[in-house]
Amino acid sequence: MEKNIFSLSGKTILVTGASSGIGAHYAKTVARYGARVVIGARRVDRLEQLASEIRSMGSEVLAVTMDVTDRASVEAAFDVAESSFGVVDVVINNAGIGQSKPALETTEDDWHAMLATNLDGVWRVAQAAAQRLVKAQRPGNIVNIASILGLRVGTNLSHYCAAKAGVVQLTKSLALELARYDIRVNAIAPGYFKTEMNDAYFDCDKGQAYIREAVPMGRLGRLEELEGPFLLLASDAGAYMSGAVLAVDGGHLVGSL
Ligand code: NDP
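Each residue of the sequence shown is one higher than the one before, starting from 905 at the first, in the working numbering.
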C-alpha cells in the first residue's frame, strides 16, 4: 500500500486559539490525520468540549490553558504538553483577535492589544517551541496563521494589517534562522472564512455583497478548504518547504484593481 505523505501520525501538534473557528477546525483535522493534539486557548470550558469530541474520534488530546500574550502562560502550556506527550513537534500558531476601527480612531490600547496577540503572541509561541526543539535536538515545524491582510491592506484594519504583515516577515526570518536546526517555518494567509471573529459582518447584506464582488470565486472560504494547504506544510509532503506563505483565498489577492 502507498504511504500517505500527508500523514501526521506519531507527531505531537499544538494548536493555539483552538477554542473556536479555524483553530478548532485544525485541531480536529490533525487528529484525523493521526497526530496527538494539544489544544490551547483561554476559554478552557470550550477546550474541554472540543477535547471530548476529539477523544470520541479515538485520538489522543490534551486541553491546556494558554494566553499567548503571557510568557509564563505559554511556557506552562508547553510544560504540561511535554509531560503528557513529549516535545511538541508541530505548532499551529493560530490564536488571534480582530477589530475594525478607522486609523484615526485607533487608540494606544487598541494598537497594543492587537500587536500583543497577533504578532507578539505568534513570536512568543514560535520561539518557545523552537527553543525546546533545539534543546531536545529534534526536527520540527511551525505553521503561522497570517492573513491576506498581511500581504495587502483593508479599510479600518491598520493595526491588524500591520500585525499580520509582521507575521509574514517573522515567518521568513525564523525560516532562515531555524533551517540549520531542521525546523521548518511557513505561513498560511487565509482569505475570508466565517468565524466568530467576523460572523456579524458576513451575516449582513453589506458583507455578503463585498464577498461576491471582491473575491474572484465569489464566495467565502469553507473551513475544510484550509486543510490541504495546512497538511502540505505540516506533514512530510512539504519536507523541503520553509519560508513559504500560502494564500488560501479564492483568488482574493488577485482580485481586479
Ligand atoms: P476566532 O475568533 O473564531 O478564534 C480566535 C481564537 O484565538 C480563539 O480560539 C481565541 O480563544 C484565541 N485567542 C485570542 N486571543 C488569545 C490569547 N491571548 N491567547 C490564546 N488564545 C487566544 O477567529 P478565527 O478562527 O477566524 O481566527 C483564527 C486565526 O485566523 C486568527 O489569527 C485570525 O487572525 C486568522 N485569520 C482569520 C480569517 C477569517 O476570515 N476568519 C482570515 C485571515 C486570518 P480564547 O478567546 O478562548 O482565548
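Quick reminder that beta carbons are idealized off the backbone N, C-alpha and C, glycines included.
In the DSSP assignment, Gly914 forms no beta bridge with any residue. Per DSSP, reduced to three states, the secondary structure at Arg1088 is strand. Counting other Cβ atoms within 10 Å of its Cβ, Pro1133 reaches 16 or more and is therefore classed as buried. Under the DSSP definition of a beta bridge, Ala1138 lacks any partner.
In chain order, Phe910, Ser911, Leu912, Leu1135 place their CB closer than 7 Å to the CB of Tyr937, counting only its own chain and leaving out the 5 sequence neighbours on each side. Counting only residues of its own chain and dropping the five nearest sequence neighbours on each side, Asp949 has no CB closer than 8 Å to any other CB. Burial check for Gly1000: the Cβ neighbour count within 10 Å reaches 16 or more, so the residue is buried. Bridge pairing for Leu1150: Ile1092 [DSSP]. When rounded, the separation of the alpha-carbon atoms in Glu1081 and Asn998 is 21 Å.
In this structure, the C-beta of Pro1043 stays at least 8 Å away from each heavy atom of the ligand NDP. Contact check for Val1072 against Val1029 fails: the beta carbons are separated by 9 Å or more.
In this structure, Ile909 has its CB at a distance of at least 8 Å from all heavy atoms of the ligand NDP. Counted as a single uninterrupted DSSP element, the alpha helix (DSSP H) harbouring Ile1115 occupies residues 1109-1118.
The DSSP assignment places 1012-1019, 1025-1040 as complete runs of the alpha helix (DSSP H) inside the segment 1003-1054, in order along the chain (cut-off: 4 residues). Beyond the five residues adjoining it in sequence on each side, Ser988 comes within less than 7 Å, by CB distance, of Leu966 in the same chain, given in chain order. For a cut-off of 8 Å, the C-beta gap from Val1089 to Ile996 is around 12 Å, too long to register as a contact. In summary, Ala939 is buried, with 16 or more beta-carbon neighbours lying within 10 Å of its beta-carbon over all protein chains present.
Counting only runs of at least 3 residues, the segment 942-969 fully encloses the following beta strand (DSSP E) elements, listed from N- to C-terminal order: 965-969. The ligand NDP has a heavy atom closer than 8 Å to the beta-carbon of Glu1100.
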